[in-house]
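See structure below.
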Amino acid sequence: MEKRTTNALIQITSRDSFMRDTITSRFFVLISSIVFPSLIFVAAFFFLPGWNVAEEGLSEDRIVVRRGASLRSIITSIADTQGIRHERPLLITAGLFPELRQIKPGRYSIPPGLSNYGLLHYLHHHPQDEERILILEGLRQERIAGIIASQLDIDSLSFMNRTADRALLEELGIQSDSFEGYFFPGTYNFPWASTSEEVIRFLVGRFRTFYTDSLRAIAAERGLDEIEVLTLASIVEAETPLAEEKPLIAGVYLNRLKKNMKLQADPTVQYALGGKPDRLLYKDLAIDSPYNTYKYKGLPPAPICSPGALSILAVLEPAKTEYLYFVATGTGGHYFAKTAAEHIKNVKKYRASRR
């Protein structure tokens with residue numbers, strides 16, 4: 001009797017264990033059938049290339065991200081250029097990976113073969129594209145503002161407003177009412193999304209790098225401060241593009257300053273007239289402006305353009321000459337003279353060349 005009872009208990013226990021094992025197995029099968037496809041779906045949602053992001057990418061239509069743009073507006077612009085099929089998957093990806101939400105201003109092309117996660121990762125980490133900008137010698141800051149605005153994400157008016165920013169001028173140690181003359185000419189690479197202040201700081205920094213302590217010492221020996229050096233150099237720059245003439249013209253103007261003569265520099269009058277006309281009339285010489293060196297002695301109050309290195313060096317190391325006058329030859333150079341009588345003869349030669 002006890003044996004039969006024992007066997008029955010064993011059978012019941014085995015049956016219960018079998019049922020538990022079966023339920024457990026079925027549970028795991030059920031969970032697996034739900035979890036694994038879900039994991040595959042989630043992985044594909046975030047990391048599968050091509051299903052939402054354009055498989056071929058965007059090589060011609062670049063995405064423009066401006067300062068202050070929200071992530072949603074950036075994603076919308078990507079959708080507008082057919083870079084993605086749907087916006088929501090990218091928004092969900094950004095929500096789960098918040099570190100990728102910060103996208104720097106710039107212009108972006110989309111390479112092929114990106115996933116939702118890959119696209120956000122690319123936009124977040126990709127360096128800003130740059131523009132190579134040439135700033136020629138002798139340009140006024142208005143022209144420079146136009147060049148900057150035509151190639152960077154900067155408005156020329158906002159740039160010009162910053163050039164008169166008193167706090168920024170003082171911070172950069174400039175004793176003038178504007179940055180005229182301090183935008184050192186050269187060819188530079190700027191991030192497309194640079195701000196006006198960043199560009200100004202960079203260009204002034206290039207001048208500071210060039211204008212070393214040794215050059216300052218030379219200027220001090222000649223009795224010139226920084227703004228005076230730049231002012232005279234800007235006149236030299238405006239007078240001639242010829243490197244060999246710059247020290248001569250600088251020497252002429254320095255000689256006239258020593259003799260307390262008016263500089264009578266045409267470019268200063270043109271500056272007073274707003275940069276025009278190219279050819280002055282006698283009536284233009286009567287304009288009442290501190291920049292009119294036909295009317296007032298000494299240097300004008302500030303530079304009239306941005307001089308290059310050669311013009312600055314010409315002021316610091318001028319030609320040793322007795323010349324007091326010069327006039328254009330009509331063929332690109334200048335006639336130089338020591339006396340007024342000689343100068344008048346040169347003027348007649350110039351006028352004859354224009355007939």
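According to the numbering used here, the residues represented by the sequence shown are 1 to 355, in order.
Here a beta-carbon is modelled for each residue, glycine too, at the ideal position from N, C-alpha and C.
Between the CA atoms of residue j and residue i - distance to the nearest angstrom
i, j, result
"S115", "V53", "6 Å"
"L168", "A69", "26 Å"
"P301", "P290", "7 Å"
"Q270", "E239", "11 Å"
"I235", "S194", "30 Å"
"S32", "L48", "Reliability of the predicted coordinates at S32 is poor, the pLDDT of 49 falling under 50, and no value is obtained from them."
"T81", "P98", "24 Å"
"S197", "L254", "Sequence check: residue 197 is Glu here, not Ser. One C-alpha to the other measures close to 35 Å."
"F184", "P241", "16 Å"
"I75", "N189", "28 Å"
"I84", "I78", "6 Å"
"R208", "Y182", "9 Å"
"L142", "L100", "Checking the sequence, you will find Glu at residue 142 rather than Leu. About 39 Å."
"F336", "A314", "16 Å"
"K345", "L215", "38 Å"
"I103", "D213", "41 Å"
"V204", "F179", "8 Å"
"N161", "E170", "15 Å"
"S73", "F159", "26 Å"
"K338", "K258", "14 Å"
"L136", "V229", "19 Å"
"I312", "I144", "19 Å"
Selected residue, minimal CA-CA separation from residue i, among the options
i, options, result
"A217", "L316, P267, I200 and L254", "L316"
"V65", "F179, Y108, F190 and L91", "Y108"
"T331", "L100, G205, A352 and A319", "A352"
"G186", "E170, I133, G57 and D225", "I133"
"R256", "A328, Y335, D153 and T321", "T321"
"G333", "A243, E130 and G95", "A243"
"V199", "I154, A164 and I227", "I154"
"R140", "R279, P307, Q264 and I84", "P307"
"Q128", "L152, A145 and R206", "L152"
"S176", "I227, R206, I135 and A219", "I227"
"R67", "V204, S77, P105 and G95", "P105"
"A250", "A341, F202, F326 and N260", "F326"
"Y294", "T209, A265, K348 and L172", "A265"
"M261", "S150, A219 and L324", "L324"
"W51", "Q102, A94 and P112", "P112"
"R279", "R354, S214, E342 and I344", "R354"
"A328", "G223, T339 and K348", "K348"
"R201", "T163, I92 and R222", "T163"
"P191", "I148, T231, A219 and A340", "I148"
"D61", "I92, I110 and L71", "I110"
"R206", "H343, L172 and N292", "L172"
"G435", "G118, G298 and H125", "Because residue 435 is not part of the residues shown, which for the chain are 1 to 355, the question remains open."
"L263", "A319, T231 and G274", "T231"
Assigned secondary structure, residue i (DSSP; H/G/I helix, E/B strand, else coil)
i, result
"T209", "helix"
"E322", "coil"
"F202", "helix"
"Y291", "coil"
"I103", "coil"
"D266", "helix"
"D284", "helix"
"Y350", "helix"
"S306", "coil"
"I227", "helix"
"F97", "coil"
"T240", "coil"
"F159", "helix"
"I174", "coil"
"N260", "coil"
"L30", "The predicted model places L30 with a pLDDT of 47, which falls under 50 and marks its position as unreliable; any figure quoted below should be read in that light. Reduced to three states, the DSSP call for L30 is helix."
"I154", "coil"
"R222", "coil"
"S77", "helix"
"R216", "helix"
"P300", "coil"
"A272", "helix"
"L48", "coil"
"G68", "coil"
Supposed contact pair residue j and residue i - C-beta distance, whole angstroms, cut 8 Å
i, j, result
"A272", "I287", "5 Å"
"L90", "L123", "Not a contact, Cβ separation roughly 10 Å."
"I304", "P247", "The Cβ separation is near 19 Å, so there is no contact."
"E245", "G138", "E245 to G138, Cβ: 14 Å. No contact."
Residues bridged to residue i [DSSP beta-bridge criterion]
i, result
"P191", "E130"
"G186", "I135"
"L58", "I110"
"I63", "Y108"
"Y335", "V327"
"I84", "V53"
Test: residue i CB closer than 8 Å to a CB of chain D
i, result
"L263", "Absent from the structure: chain D. Only one protein chain is present."
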